[in-house]
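J.: Once you've had a glance at the structure underneath, I'll fire off some questions.
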Amino acid sequence: MSGEMEVDADIENHHAHNSDRKRPHKNGELNGAVKVRRISINSATGASEPKRAYTEVSGRIAGVELENFMCHGHLKVDFETSDNNCFYIGGPNGSGKSALFASLNIGLGGRGNNNDRGNSVKSYIKEGRSKAKIRLILTNTGLGSHPDYGDYIVVERTITPSASTYALKSIKGLGRNRHEVLVSKKKTDLDQLLVRYGIQLNNPIFWMSQDRSRHFLHQMKPDRLYQIFMCATELEHTKACYEQCAVIVSSIESMCRSMKGEFERQKRRYQTMVEERRRLRGIQDMRNQQSTIGWMLLWCPLRDVLEKIQILEKKREKFLEESEHLQKRIQETAAKKDEFILEASSVRQKINEEGDILQALKGKMRLKESKIRDLQSEISNQDSKRRGMERSRGSFEQRKQRIIEQIAKFEEESQCEKRKEEAAATQVKMEKITNKETELVERLRLAQQQRDELQRLHEQAVSDQNEAVRESRKVSTQVNELEQELHRSEITAKNAVMRFGENIPKILEIMNANADKFEHVPRGPIGMYMKLRDRKWTFAVEEATRRLLTSFVFHSKRDHQTFERMMRANRVTGALPNAIFTRFTTPPHDVRANEPSSEWETILQVVEITDNVVRNVLIDMASVEGTVLLNSDQDARRIMDGMCPDKCVRAYTTTGGMAMGRNRRGEGFYRFYACRTPPRAVLLSEQDASVDSSAMKAELKRLQDKSKGMQERIKKATAEAAQAQRELGKALQSYSAIETDLNRLRSQYRSLERRLEQLEMDDDMSVVENMRKSLDELNIQIAELEEEFLKLDEETSQKQSEIRQINEELKEIKADFAEAKKRVTELENEEEDIRAKIRGVDTAVDADRTRQDRLRESILKMDASHKELEEEKATAEERAKRSEELPTPPSMTNPPDMDQLGDTAELDEQYKTLTMKIHSAEKIMGNVVTAEQLQEFKDNYERMKKHYLVLKGLNKKLSECIRIRNEKFPIMCHAITMRLKMTFQRLMATRSYHGNLLVDRQKGVINISVATHQKDDDSQAAAKSVVQDLRGLSGGERSFTTACFIMALWEIMEAPFRCMDEFDVFMDMINRRVVMDLLVNLATEQYSHNQFIFFTPQGIKELGERDRVQVFEMPKVRE
């Protein structure tokens, strides 16, 4: 007999050829090879003893296969449950034993936090993999087998980071005939299977994980032992079930009492049904009376339609007479119209003649005005020429004066030698100044370079300073906005109305509590009555109505004064909201005539206003019916500049921009104002309860730190700018000083140069003669200009005389034009009077024809109505014939005298009244009750009574059963306790220990005392028994005692398999050997039908050779 674990073939081959080579331990794709050994007496001795007979139970683990689970990439373990029921899995720490242990619980549907390896199932997926898969094979033979499955049941659980899926499969057949069939994918079917097999995933006794074993072995406190005992034996759960059964019994008793009351009601119902049968006769009498009236109503329609036909014929004759009278009047009016048309034609001819005269006069006027404009233009040209000549004369006079002065100057200077000496000295001075100027120019160039460099540095420093200031202001603005947003979110989380103001909730509370003191309760804040149908327009609407959103609307000044007194009396702090006054009794404004076309969305269309008073205020003060909403600023600029919709007052965009428009006719002025603030709505936004205040505070802290950094940067930039300013000032002073010196030298040089020019002038008298000739020429030119002036004056005077003459002629033409226009106006008025008479005649004719058309339509309608009445008459006659099928009333004949029939409405009212009375009587009586229904009701009553008696008897038996169980429950608890105590003592005796176990249910503790054998220090031979509790035991003795306690619990509880991980962690070698022998003996001899799986990190060589034991050893960790 041998067990096996399968891994990937590449790893097995690697270890087969390199057995001495160490491998580093990694949680990689595979955890390494697995050594398998089977220790068996039969295999060791070669004897062939017969197998021990035992009873199989279903639900044992036959195999495990893991993929990407914790540290295992792929691991397969096959348990030979047909020959073994005790399985030891050994191996060093980190070899994956606990992962295999956890896979058994999680693979059957266990939760991640029940296995001490993770808080959720997804944490068990191997690192770097997207999913994990657990495949468990359970036996389905023996006691408790499930008929819907084969010899084995496969439970597959696939784990992903987001979910888990299950698959239940059935395995039938062996070898090649073996095949798997999918049975279910429901978790509920798996839970039912676990209940059938008795597998308890949450019972710590059957799932002693590594941490539970250590914790339990380390903290064996009395209260902890009692908790494990109650959880393992499910005594508390049993007691709770009994209590629940008692509640069910009590509810059944209440149901029985309710059924008894129902029987009394059914009895009264039976008596009521008997009474209702007596009422049927009264209903039958009303039905007979209703039948008589119904017979009369069959004849009433015929009588009514005959009367209608007679009235319609008389009315038709009257309309025909009126139509003939209207036709005669129309003919007479048409003759008058022809006379008015001839008269209007004559007047129009006169108007045309006078119009020709007006056109001729208008042509003469244009000609004269054109001539006047030409003369005025010529006079203007002459004035321009005159001004040019005056400028020339002034220039000539100036030149003349300069020449006279130069002649006088030359005559004064008569010493030529003296001028030559002065000219030579002047040239020497000019050369010195030139040399010095060259030096200063070089110094000025260097100073200019230094100035430009310092200017650049200063501008850079100032730019850095301004940039830092701008960023600081921007950060400060962000800090302020974020602080306001945080404060607003905090107060709005308490009350959404506080976004309109922190004192608004208190104001509304006071106002509503004193509503009777107002003539009309004020409305406000206005924004509370507005709800956006489309959230994308929130910011645009808020920008357009911002000054109104927090305002309150009052019916009168008196209401506002009452409001202010009320706020003062209640000590409302802060500024009160803005007040708007309007009459609350005003009906809602009809704005259809003021709205743009339907293709443009307005504020009034996208906002749902829940109060008509608020709606009127928004229309009056914000013109919401004419405020168009546009998607972007580009659309606003494009549309509002020349293509503004008709009746559009203004437009707003989603980013808050506002535009005033100019239409296609050029009306209006285009203006656009962009919004400079971020598009974030505050007053009309729906507050989100899930605002992350911690994130906002963190962002605020970051911005505040950034603001501090910006202040330091500003200080540094300011200091640098000041330093650059000082250095630049020094450079500018140096540059200015050099430039001043250079300008002074150049000024001296120019003065010397002018003086030199004067000294070097020719001293000959020819120069003076030339000047005198130039002076004579200037005098001649001035005289010619004077003659030109006289000639221009004469021409201008002549043209002005012509203009005056033409104005006189134009005045006469205008007088004639006014007379002609007056005559035309009189003729047009006369024509208009005639046209008014014609229109009056046309109106009268149209009215008569309209009336005539209406009469004809009425006659046609009467003809149609007459036809319909004839059809109604035929229908009524057919209906009247149905009276032959009914019995004729005693006081009537068939056909009846129409005068004897009552009014149709009164008969119909009587018929309806009887119908209602019959309906009411039937409603009071309910459904018609027959003898069969009475008998059926009685039979149902007897049947329900029988069910009641059966339910009462069953409930009595159930109550007795619960009473017996409650009486036997303490006995069962005592028996379980005694069995636990005796089993514990028996197991402790295997090491010659005397153990005692006392269960105290009142205190909820289990006290364990152990008597061990210790050597006497004096004799070193004799042994004495020492009784002590768990605290006085050594680590190994306490671990042995704990193991005996757990095995005692196993003996009194039943499950198909049990798992224990690192049970021997605190035991010494002696106690560990004893405990392992106890576990093996308990598993193989006393509970051979159950399965035991033990995990240990220590060696398993001490186990020796045992039958029905399969041993697995996980691979050693390689470095």
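Taking the working numbering, I'd label the letters of the sequence shown as residues 78 to 1196.
Built from N, CA and C at the ideal position, the CB exists for glycine as well.
With a CB to CB cut of under 7 Å and the five nearest residues on each side skipped, what residues in its chain are close to P848?
T.: By 1-based counting over the sequence shown, the position of residue 848 is 771. Note that residue 848 is Met in the sequence shown here, rather than Pro. For M848, where only same-chain residues beyond five positions count, the Cβ hits under 7 Å are I480, Q483, I484.
J.: Can you give me the Cβ contacts of K1178 inside the same chain, cut-off strictly under 6 Å, excluding the 5 residues immediately before and after it?
T.: What you label residue 1178 is simply residue 1101 of the sequence shown in a count that begins at 1. Closer than 6 Å at the Cβ level, and outside the excluded window around K1178, lies no residue.
J.: Classify E126 as buried or exposed, calling it buried when 16 or more other Cβ atoms lie within 10 Å of its own Cβ.
T.: Position 49 of the sequence shown holds residue 126. Here the model assigns E126 a pLDDT of 39, short of 50, so the residue's position is not dependable, and the following value carries that caveat. Classification for E126: exposed.
J.: In the DSSP output, which residue or residues are listed as bridge partners for S261?
T.: The sequence position of residue 261 within the sequence shown is 184, counting from 1. Answer is L245, bridged to S261.
J.: Short of 8 Å in beta carbon distance, which residues of its chain neighbour E744, apart from the five on each side in sequence? Order them along the chain.
T.: For the purposes of this step, residue 744 is identified with residue 667 of the sequence shown, where counting begins at 1. There are no such residues.
J.: Report back the beta-carbon spacing between L215 and A139 to the nearest angstrom; my notes put them in contact at under 8 Å.
T.: The residue you call residue 215 lines up with position 138 of the sequence shown. The residue you call residue 139 lines up with position 62 of the sequence shown. Correct: roughly 7 Å between the Cβ atoms.
J.: Please classify D1095: is it buried, with 16 or more other beta-carbons within 10 angstroms of its beta-carbon, or exposed?
T.: Here the question's residue 1095 lines up with position 1018 in the sequence shown. With a pLDDT of only 46 at D1095, under 50, the local geometry of the prediction cannot be trusted, and the value read off the model is given with reservation. Burial call: exposed.
J.: Whole angstroms are fine: how far does the CA of E596 sit from the CA of S566?
T.: By 1-based counting over the sequence shown, the position of residue 566 is 489. By 1-based counting over the sequence shown, the position of residue 596 is 519. Looking at the two C-alpha atoms, the distance is approximately 36 Å.
J.: Which residue marks the beginning of the beta strand (DSSP E) containing R727, and which one marks its end?
T.: Locating residue 727 in the sequence shown gives position 650, where the first residue counts as 1. Its beta strand (DSSP E) spans residues 727 to 730.
J.: If we count the other Cβ atoms within 10 Å of its Cβ and call it buried at 16 or more, is T237 buried or exposed?
T.: The sequence position of residue 237 within the sequence shown is 160, counting from 1. Burial call: exposed.
J.: Terminal residues of the continuous alpha helix (DSSP H) containing Y1018?
T.: The residue you call residue 1018 lines up with position 941 of the sequence shown. Segment 1008 to 1065, the alpha helix (DSSP H) holding Y1018.
J.: Check this for me: beta carbons of V705 and L625, under 9 Å apart or not?
T.: Residue mapping note: residue 705 aligns to position 628 of the sequence shown, counting from 1. Residue mapping note: residue 625 aligns to position 548 of the sequence shown, counting from 1. The answer is no: Cβ separation not under 9 Å.
J.: Does the distance from the CB of K1085 to the CB of G1072 come in under 9 Å?
T.: To locate residue 1085, count along the sequence shown from 1; it is residue 1008. To locate residue 1072, count along the sequence shown from 1; it is residue 995. The sequence given here has Ile at residue 1085, not Lys. Cβ distance < 9 Å, so I1085 and G1072 count as in contact.
J.: List the whole-angstrom C-beta distance separating P664 from F629, where the pair is believed to meet the contact cut-off of C-beta under 8 Å.
T.: Locating residue 664 in the sequence shown gives position 587, counting from the first residue. Locating residue 629 in the sequence shown gives position 552, counting from the first residue. Not confirmed; about 21 Å, so no contact.
J.: Looking at C-beta atoms only, is the number of pairs between the region 1123 to 1141 and the region 1165 to 1175 that lie closer than 8 Å three or more?
T.: yes
J.: Could you check if M993 is buried or exposed, using at least 16 other CB atoms within 10 Å of its CB as the buried criterion?
T.: Translated into the one-based positions of the sequence shown, residue 993 becomes position 916. Counting Cβ neighbours within 10 Å, M993 comes out exposed, since fewer than 16 surround it.
J.: Buried or exposed, going by whether 16 or more other CB atoms sit within 10 Å of the CB of C1038?
T.: Stepping through the sequence shown from its first residue, residue 1038 is reached at position 961. That one is exposed.
J.: Indicate the three-state DSSP secondary structure (helix, strand or coil) for S197 in the structure shown.
T.: Locating residue 197 in the sequence shown gives position 120, where the first residue counts as 1. DSSP places S197 in coil when its eight states are reduced to three.
J.: In chain order, what are the residue ranges of uninterrupted alpha helix (DSSP H) at least 4 long that sit wholly in the region 120 to 185?
T.: 174 to 184
J.: Going by beta carbon distance, what residues of the same chain come within less than 6 Å of T158, once the five residues before and after it are set aside?
T.: To locate residue 158, count along the sequence shown from 1; it is residue 81. Once the five neighbours on either side are set aside, the close Cβ partners of T158 are R137, A139, T216.
J.: For L419, would you say it is in contact with chain C, using Cβ-to-Cβ distances shorter than 9 Å as the test?
T.: Absent here is chain C; the protein component of the structure consists of one chain.
J.: Out of R926, V1006, E954, state which residue places its alpha-carbon closest to the alpha-carbon of E399.
T.: For the purposes of this step, residue 399 is taken as the residue at position 322 of the sequence shown. Of R926, V1006, E954, the residue nearest in Cα terms is R926.
J.: Can you give me the C-alpha to C-alpha distance between G186 and T218, rounded to a whole angstrom?
T.: As a working note, residue 186 is residue 109 in the sequence shown. As a working note, residue 218 is residue 141 in the sequence shown. So the alpha carbons of these two residues sit roughly 22 Å apart.
J.: Report all residues from its chain with a CB closer than 8 Å to the CB of L833; omit the five preceding and five following residues, and keep chain order.
T.: For the purposes of this step, residue 833 is taken as residue 756 along the sequence shown, with counting starting at 1. Contacts found: A500, T503, Q504, M507.
J.: Who are G1072's beta bridge partners in DSSP?
T.: The count along the sequence shown starts at 1 and reaches residue 1072 at position 995. G1072 pairs with V1087.
J.: Which one of I581, G150, R476 has the shortest CA to CA distance from G205?
T.: Numbered from 1 along the sequence shown, position 128 holds the residue referred to as residue 205. Of the listed residues, the one whose Cα sits closest to G205 is G150.
J.: Tell me, to the nearest whole angstrom, how far the beta carbon of K613 is from that of T731; I am working on the premise that it is less than 8 Å.
T.: Taking the first residue of the sequence shown as position 1, residue 613 is located at position 536. Taking the first residue of the sequence shown as position 1, residue 731 is located at position 654. Contact holds; Cβ gap of about 6 Å.
J.: The beta strand (DSSP E) with C1136 in it runs from where to where?
T.: Here residue 1136 refers to the residue found at position 1059 of the sequence shown. Where C1136 is concerned, the enclosing beta strand (DSSP E) stretches over 1134 to 1138.
J.: Looking at the unbroken beta strand (DSSP E) that takes in R212, where does it start and where does it end?
T.: Stepping through the sequence shown from its first residue, residue 212 is reached at position 135. Taken as a continuous stretch (DSSP letters only), the beta strand (DSSP E) holding R212 covers 209 to 216.
J.: If you follow the alpha helix (DSSP H) that E641 is part of, which residue opens it and which one closes it?
T.: Walking along the sequence shown from the start, residue 641 turns up at place 564. DSSP places E641 inside the alpha helix (DSSP H), whose first and last residues are 634 to 646.
J.: From the DSSP output, which residues share a beta bridge with H256?
T.: The residue you call residue 256 lines up with position 179 of the sequence shown. The partner list for H256 (beta bridge, DSSP) reads K249.
J.: Tell me where the beta strand (DSSP E) around K608 begins and ends.
T.: Taking the first residue of the sequence shown as position 1, residue 608 is located at position 531. It spans 607 to 609 - the beta strand (DSSP E) in which K608 sits, taken as one unbroken run.
J.: Is the region 650 to 661 touching the region 771 to 779, taking contact as three or more C-beta pairs under 8 Å?
T.: no
J.: Look up L707 in the DSSP assignment and give the residues it is bridged to.
T.: What you label residue 707 is simply residue 630 of the sequence shown in a count that begins at 1. Partner(s): T730.
J.: What does the Cβ neighbour count give for V351, buried or exposed, with the cut at 16 atoms within 10 Å?
T.: Reading the sequence shown from its first residue, position 274 is the one you call residue 351. Exposed: under 16 other Cβ atoms inside 10 Å.
J.: Which residues in the same chain have their Cβ closer than 8 Å to the Cβ of K414, if we skip the five residues on either side of it in sequence?
T.: Here residue 414 refers to the residue found at position 337 when the sequence shown is read from its first residue. Within the same chain, K414 has close Cβ partners I915, V918, D919, V922.
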